[in-house]
Amino acid sequence: MVPCASLPLTVVEILLLCILAKLIFRPRIIACVLPLLMAAIPFVVPAQSFTDIYSPSLIFAPRIPVAPELIKLGPFPAVLYTPGGMALGQVDMPTHLAQGEVLIEVHAASINPVDWKLGKQIPFLRLFKTVGIDVSGVVRQSASPLFVVGDAVFGSAEWGSLRYFAVARDHLLLSKPAQLSHAQAAALVMGFKTSFEALVERARVKAGERVLVLGGAGGCGAFGVQIAHAVGAEAFATSSQKKAAFVRHMGANVVWAYDAHPVVKPWLASVEAEGALGTFDVVYDTVGDARSKAQAARALKPGGRFVTIAQPVWPLIDAWRFPQMNLQKFTMRFGADNLGFAVDLLRQVKMSGCICMYV
């Protein structure tokens with residue numbers, strides 16, 4: 006079995022590599038050599054050393070050994086980043102838990118576009134790491150005062166979730182609501198957190214406002230529609246014709262299907278046909294079409310907010326091109342605080358935990 010690291014490099018490891026490269030190589034070629042050194046670490050350093058240090062903030066924290074009967078369950082299958090893409094491999098059971106960490110027996114995990122992008126955009130940093138972040142399962146061992154063995158939890162496992170057992174920090178987890186299956190809970194995390202931050206924390210959507218979600222049938226888009234509806238805003242969305250009924254079920258007042266005509270037309274044409282140009286307070290872009298900004302500028306009211314998770318925002322250039330709208334681009338932050346809002350909505354039956362598949 007190839008020694009596999011299921012965790013990203015810690016800050017200390019990266020700093021040590023930078024110092025080593027500085028001593029050995031000229032500065033101009035450090036940028037070329039450093040990724041190769043990072044990629045070589047899993048092969049020259051025992052895999053165990055990676056499972057002993059999980060987080061820079063916990064390096065000096067006391068660690069609790071994992072029960073021997075659990076260690077005997079490894080090695081076990083996991084989906085890993087490899088030079089050829091994602092592939093099934095094997096990883097060892099972690100031997101220690103730092104303070105605040107729990108060992109989860111994974112019942113369900115979900116994969117998101119960001120997981121694929123991590124493997125493509127920074128392959129050297131992710132090589133032979135476990136794929137996935139969203140997780141739902143049962144605690145098998147705990148070094149946290151918040152959870153005990155047997156608790157059903159869901160949230161984020163920063164160092165990989167597509168494996169039989171995953172380690173997660175307690176502040177990234179919540180107790181799983183009884184009305185959600187493990188599969189539904191795992192599918193909830195990234196999509197909901199991203200859309201909550203986009204609409205509630207960044208765009209500050211209020212009751213009575215008009216919100217247009219581009220890509221309302223996607224993972225983030227479907228939660229965006231539900232969040233807008235839950236806070237009292239009027240939700241509108243775009244999607245394909247096949248998925249329009251699903252988006253309406255999520256709470257959209259109107260859904261514009263971009264493929265409803267023999268010749269596919271941009272969603273803006275349908276909005277214009279209904280006289281809705283310049284009537285939206287917020288446009289939430291989950292698609293990343295190159296024309297989204299220009300089209301959103303026509304759909305938004307003066308001073309309207311355009312929030313995107315799918316394309317770059319250039320502050321100076323975009324402010325000059327689209328002075329009439331407020332553009333924001335962000336990257337989701339880790340934490341379980343937003344998920345508490347999701348649990349509240351689920352308990353109030355204001356949001357669905359459904360999972361839909363389209364072929």
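Take 6 as the starting number for the sequence shown in the numbering used here and just add one per residue.
Here a beta-carbon is modelled for each residue, glycine too, at the ideal position from N, C-alpha and C.
Here the structure is a predicted model, which means the values were calculated and not measured.
Subject >> Test item: CB-CB of residue 123 and residue 88 under 8 angstroms >> reply: Residue 123 sits at position 118 when you count from the first residue of the sequence shown. Residue 88 sits at position 83 when you count from the first residue of the sequence shown. Result no, Cβ atoms of residue 123 and residue 88 do not sit closer than 8 angstroms.
Subject >> Beta-carbon spacing of residue 85, residue 136 below 8 angstroms >> reply: Start at 1 with the first residue of the sequence shown, and residue 85 comes out as number 80. Start at 1 with the first residue of the sequence shown, and residue 136 comes out as number 131. For residue 85 and residue 136, yes; Cβs fall inside 8 angstroms.
Original post:
What is the DSSP secondary structure of residue 199, counted as helix, strand or coil?
Top reply: Position 194 of the sequence shown, counted from the first residue, corresponds to residue 199. It is helical.
**OP:** Look at the alpha carbon of residue 287 and the alpha carbon of residue 225, and state the distance between them as a whole number of angstroms.
**Re:** Within the sequence shown, residue 287 is the residue found at index 282, counting from 1. Within the sequence shown, residue 225 is the residue found at index 220, counting from 1. If I take the Cα positions, the gap works out to 15 angstroms.
**OP:** Report the three-state DSSP secondary structure of residue 99 (helix, strand or coil).
**Re:** The residue given as residue 99 occupies position 94 in the sequence shown. Of the three classes helix, strand and coil, the one that applies to residue 99 here is coil, per DSSP.
**OP:** Report the partner residues of residue 152 according to the DSSP bridge assignment.
**Re:** Start at 1 with the first residue of the sequence shown, and residue 152 comes out as number 147. Partner(s): none; residue 152 has no beta bridge.
Subject >> residue 348 (DSSP reduced to helix, strand or coil) >> reply: Along the sequence shown, one-based indexing puts residue 348 at 343. Reduced to three states, the DSSP call for residue 348 is helix.
Original post:
Which same chain residues, not among the five before or five after residue 234, have their C-beta less than 6 angstroms away from its C-beta?
Top reply: Indexing the sequence shown from 1 puts residue 234 at position 229. So the list reads 240, 256, once near-sequence residues are dropped.
Subject >> Per-residue burial, residue 81 [other beta carbons within 10 Å of its own, 16 or more giving buried] >> reply: Translated into positions along the sequence shown, residue 81 becomes position 76. Per the 10 Å Cβ criterion, exposed.
Subject >> residue 252 versus 296, 206, 229, residue with shortest Cα-Cα distance >> reply: Position 247 of the sequence shown, counting from 1, holds the residue named residue 252. The closest CA to that of residue 252, considering only 296, 206, 229, is found on 229.
**OP:** Hey, could you find the ends of the alpha helix (DSSP H) residue 211 is sitting in?
**Re:** Sequence index remark: in the sequence shown, residue 211 carries index 206 (1-based). Residue 211: not part of any alpha helix (DSSP H); DSSP gives it neither H nor E.
**OP:** Label residue 211 either buried or exposed according to how many other C-beta atoms from any shown protein chain fall within 10 Å of its C-beta, with 16 as the threshold for buried.
**Re:** As a position in the sequence shown, residue 211 is number 206, starting the count at 1. Answer is exposed; the Cβ neighbour count stays below 16.
**OP:** Verify whether the separation of the beta carbon atoms of residue 215 and residue 284 is less than 8 angstroms.
**Re:** If you number the sequence shown from 1, residue 215 lands on position 210. If you number the sequence shown from 1, residue 284 lands on position 279. Contact: yes.
**OP:** Apply the 10 Å Cβ neighbour rule to residue 93 and answer buried if 16 or more other Cβ atoms are within range, or exposed otherwise.
**Re:** Counting from 1 along the sequence shown, the entry for residue 93 is found at position 88. A residue is called buried when at least 16 other Cβ atoms come within 10 angstroms of its Cβ; residue 93 does not meet this threshold and is exposed.
Subject >> Nearest neighbour of residue 90, chosen from 73, 278, 134, 217 [CA to CA] >> reply: For the purposes of this step, residue 90 is taken as residue 85 along the sequence shown, with counting starting at 1. Of the listed residues, the one whose Cα sits closest to residue 90 is 134.
Original post:
Excluding sequence positions up to five away, which residues of its chain have a Cβ less than 7 angstroms from the Cβ of residue 262?
Top reply: For the purposes of this step, residue 262 is taken as residue 257 along the sequence shown, with counting starting at 1. 244, 245, 246, 249, listed in sequence order.
Original post:
Among 171, 113, 140, which has the Cα closest to the Cα of residue 99?
Top reply: On the sequence shown, residue 99 is found 94 positions in, with the first residue counted as 1. Check the Cα spacing between residue 99 and each of 171, 113, 140: the tightest is with 171.
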